[in-house]
Structures are given as C-alpha cells and as structure tokens.
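Residue numbers (the numbering used here): 1 to 207. All C-beta atoms in this analysis are idealised placements derived from N, C-alpha and C, irrespective of residue type, glycine included. A quick note: this is a predicted structure, and the numbers were derived from the prediction, not measured. Please read the structure below before turning to the comments.
As structure tokens, this is what we get:
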C-alpha cells in the first residue's frame, strides 16, 4: 500500500483505517438497503433516524462477524475441521452463525432502543415464527442470507480494493468518515432519547 507506515495500528492483522473504510462502506450499503426496502414496500424513503447516510450498526455487525467467523471461504475453525468441510457446508455453517448474530443483535438493539427512547424500532409480532417482537426466523434468515452472500462474494474483493488505495489519502478519508459516523450516531440517538420519538429529518414519497 503506497505511503503506508510500517508501524500502522492493526486489529487481527487488519489496518484500522482500512477497517474504518470498510465500516463506512457497509454502513452506507445498509442505509441504501433499508431505503430500498421502504421504497418497495411503502413507497417512500427517509433519513433512517440519522443525519448522514450511514447506519453504523450494519458496519459494526459485519466487522464483528469478520473477526469472529472470518468469511465463508475462510471460516475461523481449527484446520482439522476446515479440511473436513465442503464449500457448501462452510456456507451453511456461516449462514447459521450469521442468523444467530442477527437474532441476538435485533433483540438487544430493540430492547435497548425501547428502554432509552421509549419507541418500538420495529415489531415482528405479526410475522410467523417470531421470537419476541424484535426478531423472527424469516427476517433473520433473510438478513443472514444477505450477510453470507456479501461476506462470501464481496467482502474480500472490497477489502483488497481499499487496501490498494493511497494510504495517506485513505487514512484521512477513513478518519473523517469514522468521526462523522460516531458523531451522527451520538447526536441522532441523543435526539431520540430526548424526544422519545423517531428522528425524522426528511421523507420523500415515491408513489
């Protein structure tokens, strides 16, 4: 990587600024995915309770998945177990792990937001096979499928692309994006906690 300092800080062997860029890209994709779902199902898009177009939870979830499980192609298991697993079995195992992550994450986030902000971020009570009102088998399976496909097909190519950027430029951009995402998360949730309501800054009807 051009301009990289040999003493760069790393987490699990990955440069922190590269990870910051990955978190920002994935958080932006999360913002797009949620608004695409709103556009298709409800005919509008909105700010998703944030000022900037980043949903930090998506970026953090994917990075935690990466640190704990790796990718479907290189799943974190003892070498002896890895040799016994076919590609199909690795993907199935990764999918199940992702599904567990999503279930636990949705329940924890739902409870915390309702406790702090006094609002239901979402309610899956009407969906078959729901586990509490915060998560369900169908929705968790859908999210886990997207995560598994993304981690199997997209994560490493994007990571490789980001790693090849000019390090000095990437370091500045990554730092700015991390600060923006953390600041926005703090401010936006602060508003929701204070007002005990969703933070709707803009809404565009598409039909």
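Cβ neighbours of residue i in the same chain (closer than 6 Å, five flanking residues each side left out)
| i | result |
| --- | --- |
| residue 147 | 98 |
| residue 136 | 124, 127, 129 and 130 |
| residue 56 | 27, 181 and 185 |
| residue 30 | 55 and 58 |
Residue interval of the alpha helix (DSSP H) (run including residue i)
| i | result |
| --- | --- |
| residue 35 | 16 to 42 |
| residue 111 | 87 to 117 |
Own chain partners of residue i with C-beta closer than 7 Å, once the 5 adjacent residues on each side are dropped
| i | result |
| --- | --- |
| residue 171 | 17 |
| residue 65 | 98, 101, 147 and 151 |
| residue 69 | 75, 76, 94 and 97 |
N-terminal and C-terminal residue of the beta strand (DSSP E) that residue i is part of
| i | result |
| --- | --- |
| residue 211 | In the structure as shown, the chain starts at 1 and stops at 207, and residue 211 therefore has no counterpart that could be examined. |
Cβ shell of residue i (< 8 Å), same chain only, five flanking positions each side left out
| i | result |
| --- | --- |
| residue 152 | 71, 72, 73, 91 and 94 |
| residue 191 | 199 |
Supposed contact pair residue j and residue i - C-beta distance, whole angstroms, cut 8 Å
| i | j | result |
| --- | --- | --- |
| residue 49 | residue 203 | Wrong, their Cβ atoms sit about 12 Å apart, outside the cutoff. |
| residue 173 | residue 21 | 7 Å |
| residue 112 | residue 140 | The Cβ separation is near 18 Å, so there is no contact. |
| residue 51 | residue 201 | 7 Å |
Discussion item. I'd like the ranges of any alpha helix (DSSP H) spanning at least 4 consecutive residues and lying wholly in the stretch 146 to 170.
Written reply: 155 to 163
Discussion item. I'd like to know if the stretch 37 to 47 and the stretch 8 to 25 are in contact, where contact means that at least 3 CB-CB pairs between them fall below 8 Å.
Written reply: no
Worksheet item: Quick check: the stretch 87 to 107 against the stretch 129 to 136, are there 3 or more CB pairs under 8 Å?
Response: yes
Fill in: Whole runs of the alpha helix (DSSP H) within the stretch 53 to 79, excluding any shorter than 4 residues
56 to 69
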